[in-house]
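Chemist: Just passing along the structure, written as structure tokens.
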Amino acid sequence: MASRYSEVYAAWKTDPHGFWADAASAIDWFKRPERIFEPAGGTYGHWFPDGVTNTCHNCLDRHVEAGRGEQLAFIYDSPVTGRIERISYADLLADVKAMAAIYRKLGVDKGDRIIIYMPMIPQAAIAMLAAARIGAVHSVVFGGFAANELAMRIDDCQAKIVVSASCGLEPGRTVAYKPLLDQAIETASHKPARCLIYQRDMLAAEMVSGRDIDFAEALAAARDAGEEASCTPVASTDPLYVLYTSGTTGQPKGVVRDNGGHMVALRWSMEHFFGVNAGDVFWAASDIGWVVGHSYIVYGPLLNGCTSVLFEGKPVGTPDPGTYWRVISERGVAVMFTAPTALRAIRKEDPEAAHAGRYDLSRFRALYLAGERADPDTIRWAERALKVPVIDHWWQTETGWPVAGNPLGLGLLPVKYGSPAVPLPGYDVQVVDDAGHPVETGTLGNVVIKLPLPPGCLPTLWNADHRFHAAYLEEYPGFYKTADAGYVDEDGYIFIMARTDDIINVAGHRLSTGAMEEVCASHPDVAECAVIGIADPLKGQVPAGFLVINANVSRETEEIEKEVVGLVRERIGPVAAFRTAVCVKRLPKTRSGKILRSTIQKIIDRQPWTMPATIDDPAILDEITELLRSKGIGV
């Protein structure tokens, strides 16, 4: 079908308030907003400021009231435990009503904060939705996060209670959460009054008398007694959640999400961007500890009346690189969203995509990728394996929903590999130089978004308005700073090439590490890679490539390294000064799959560095340090 994208984007540009007023009619309001947008000093303003609503009502109650209570809200698929659970909208609502009543009995009121520190289990979503039901503000912290990091978040948001589980599961190991939580509370200056602990079968936690409450027992008792809480009306601008993202100062940034604008944006994106309708099965293979889990495991699918897959596992090792294709087949997934790094992990173990051929994927319509730059080679591999559109898109924790992408729901545009395609309605994306002046089409620069940001984006940071302004709005007045570097081509397609910190300066030439990674990844033996800039006394910086090789490759790594160097010099030119490529077993990543490029750079350049709080496996940094030392690079 012909794409309606240009027509819809033009309609937003012509009448942005009318566009979002129309989008707002897709959700229920206790008091419909009469004012669509209100500018505010110090920030860019507020959406639907006089509207009154409730996020839990829109996710659950209205679907049950409309007679769709028996439809599945969640399918919990846990290959690490072998457990499958199907939860209807009606059953989910009953649990959420009871959990909200428990919160109220524990003294939680509208505006109070609840920290949720849990694995990917249904109880985590229940805890989130119950907080939304009574107007409390939840802050999900990735399960298993270090105790001192958890303590910082407890202190920053002054959490009244904590909801946690006894443990989480990783392939081959059990991670005890409760000792980490106990240590965090001991470390924190602010002490939460109570903790609700979900005891998992594989590891029981020791409870603290007078503070800890058994989650399952309390929920069962509340349901048996018929205890339930109704939805608390909240202002559209009231906070729904705070999600902490790493800050450059070491102090985490609490990204605030409001209620009204968040719902309007997510509901619009589910239908018009992801192209899914009520009743469709949607799967975001992420974690509720990240923004993707908030937006597209819990809130987006439920707002849209979809069935959401809640997956507790990994793309490989639970048990094999075909687990994603199994879930798509068995759960009837229409559209899936995952990170490029997950696909690279699958491709490394199964380069020929043999596992994909074992499953019936006939109901599968599209695969969306975001979180790291999706290199063209990985996208082409997935297209061949899955025979559906593979759609790169780009957004951030701060925006809460996609900034740019190819909109399946409006009709797909032509694909340009290496680009997340076009800006979505609400986003006026521009590229400027370091002084804030527009650059020519096709020129690399700083990617910025003209204010105001659309509904769903962060209105501020938690208790840090000044820091919000300084971090995002100050450097380029009138624009939001994405801290990404890229360019826009003659057709308006956006190319995100790197974080601005990853643009390297080689003898006065500004070069994108993303462009070099694209070339490295095109080598048939390379599963994934990272290119970083390292200090050089002559040129200022020179690039170095770190390569992870496919599992079935038996050639000498020195040969592959030479071939990759030759490819970069051939396609980008001698100006890149690309002479160093190193094969490594794996790359250090955050738990959300982002490669820790700046940490590798600091190790090589002998700069002070600290272990990133979000690192998935700290041992990888030791492996890389030893390898670099053996090759006489940096360290």
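To get our numbering, take the position in the sequence shown, counting from 1, and add 933. Beta carbons: idealized from backbone N, C-alpha and C, even for Gly.
P1476 and T1446 look like a contact to me (Cβ under 8 Å); what is the Cβ gap, rounded to whole Å?
Modeler: Contact holds; Cβ gap of about 7 Å.
Chemist: Whose CA, out of I1020, A1460 and T1532, lies closest to the CA of R1280?
Modeler: Of the listed residues, the one whose Cα sits closest to R1280 is A1460.
Chemist: Determine the burial state of T1182: buried for a count of at least 16 other Cβ atoms within 10 Å of its Cβ, exposed for fewer.
Modeler: At T1182, the pLDDT of 49 sits below 50, so the modelled position is not reliable; the number obtained from the coordinates is stated separately. That one is exposed.
Chemist: DSSP three-state call for H1205: helix, strand or coil?
Modeler: Here H1205 sits in helix by DSSP.
Chemist: Could you tell me the alpha carbon to alpha carbon distance between T1376 and E1119, rounded to whole angstroms?
Modeler: Cα-Cα distance, rounded: 52 Å.
Chemist: With DSSP as the reference, identify every bridge partner of Q1132, one or two as the case may be.
Modeler: DSSP output for Q1132 lists no bridge partner at all.
Chemist: Which residue's Cα is closest to the Cα of A1063: R1539, D1042 and L1083?
Modeler: Cα-wise, what sits closest to A1063 is D1042.
Chemist: Determine the DSSP secondary structure at M1269, reduced to helix, strand or coil.
Modeler: Note: M1269 maps to strand in three-state DSSP.
Chemist: Buried or exposed: where does I1049 fall if 16 or more other Cβ atoms within 10 Å of its Cβ makes it buried?
Modeler: So I1049 counts as buried.
Chemist: From R1291 to P1254, what does the alpha carbon distance come to, in whole angstroms?
Modeler: Rounded to whole angstroms, R1291 to P1254 spans 12 Å at the Cα level.
Chemist: Ignoring anything shorter than 4 residues, give me the alpha helix (DSSP H) runs that lie fully in the segment 1396-1455, in order along the chain.
Modeler: With a minimum length of 4 residues, the continuous alpha helix (DSSP H) runs that stay inside the segment 1396-1455 are 1398-1401 and 1446-1454.
Chemist: For T1513, which beta-bridge partners are listed by DSSP?
Modeler: According to DSSP, T1513 bridges with A1477.
Chemist: Can we say the segment 1501-1510 touches the segment 1418-1425, given the rule of at least three CB pairs closer than 8 Å?
Modeler: The segment 1501-1510 vs the segment 1418-1425: no contact.
Chemist: Buried or exposed for E1285, please, with buried defined as at least 16 other CB atoms from any protein chain shown within 10 angstroms of its CB.
Modeler: Exposed: under 16 other Cβ atoms inside 10 Å.
Chemist: Can you find the residues in the same chain that come closer than 6 Å, C-beta to C-beta, to N1210, ignoring five residues on each side of it along the sequence?
Modeler: None.
Chemist: Note down the Cα distance separating T1165 from V1348, rounded to an integer number of angstroms.
Modeler: Taking the straight line joining both Cα atoms gives about 45 Å.
Chemist: Note the first and the last residue of the continuous alpha helix (DSSP H) segment covering V1029.
Modeler: Where V1029 is concerned, the enclosing alpha helix (DSSP H) stretches over Y1022 to K1038.
Chemist: Quick check on DSSP: helix, strand or coil for F1075?
Modeler: Coil.
Chemist: Based on Cα-Cα distance, which residue from Q1132, R1144 and S1163 lies nearest to E1150?
Modeler: Per the Cα distances, Q1132.
Chemist: Where does the unbroken beta strand (DSSP E) through W1327 begin, and where does it stop?
Modeler: Note, W1327: beta strand (DSSP E), V1323 to W1327.
Chemist: Under 8 Å Cβ to Cβ from I1017, same chain only, skipping five residues before and after it: list those, please.
Modeler: Excluding positions up to five away in sequence, the list reads I1008, Y1009, D1010 and S1011.
Chemist: Going along the chain, which unbroken runs of the alpha helix (DSSP H) with 4 or more residues stay wholly within the segment 1294-1375?
Modeler: 1309-1319, all fully within the segment 1294-1375.
Chemist: What is the C-beta distance between T1513 and I1566, in whole angstroms, given that I count them as a contact (C-beta under 8 Å)?
Modeler: Indeed, because the Cβ distance is near 7 Å, the residues count as touching under 8 Å.
Chemist: If you draw a straight line from the C-alpha of C1090 to the C-alpha of G1411, how long is it?
Modeler: Between C1090 and G1411, the C-alpha separation is close to 29 Å.
Chemist: Taking the alpha-carbon positions, what's the A943 to A1158 distance?
Modeler: Their backbone Cα atoms lie some 54 Å apart in a straight line.
Chemist: Among residues of its own chain, excluding the 5 on either side of V1372, which ones have a beta-carbon nearer than 8 Å to its beta-carbon?
Modeler: Only V1364, V1365, D1366, G1378 and Y1420 meet the Cβ criterion.
Chemist: Mark G1238 as exposed unless 16 or more other C-beta atoms lie within 10 angstroms of its C-beta, in which case mark it buried.
Modeler: Buried, because 16 or more other Cβ atoms sit within 10 Å of the Cβ of G1238.
Chemist: Three or more C-beta pairs under 8 Å: does that hold for the segment 1514-1528 against the segment 1543-1560?
Modeler: The answer is yes - the segment 1543-1560 touches the segment 1514-1528, with three or more Cβ pairs under 8 Å.
Chemist: For the beta strand (DSSP E) that N1379 lies in, which residues bound it at each end?
Modeler: Start and end: G1378 to K1383.
Chemist: What does G1101 pair with, by DSSP beta-bridge criteria?
Modeler: DSSP lists V1108 as partners of G1101.
Chemist: Examine the Cβ distances between the segment 1128-1143 and the segment 1070-1087 and report whether three or more of them are shorter than 8 Å.
Modeler: Output reads no: the segment 1070-1087 does not touch the segment 1128-1143.
Chemist: My assumption, with CB atoms under 8 Å, is that H950 sits in contact with F970. Please give the rounded CB distance.
Modeler: 6 Å between Cβ atoms; contact.
Chemist: Determine, using beta-carbon pairs with one atom in the segment 1309-1326 and one in the segment 1334-1353, whether at least three such pairs fall under 8 Å.
Modeler: Touching, per the Cβ criterion.
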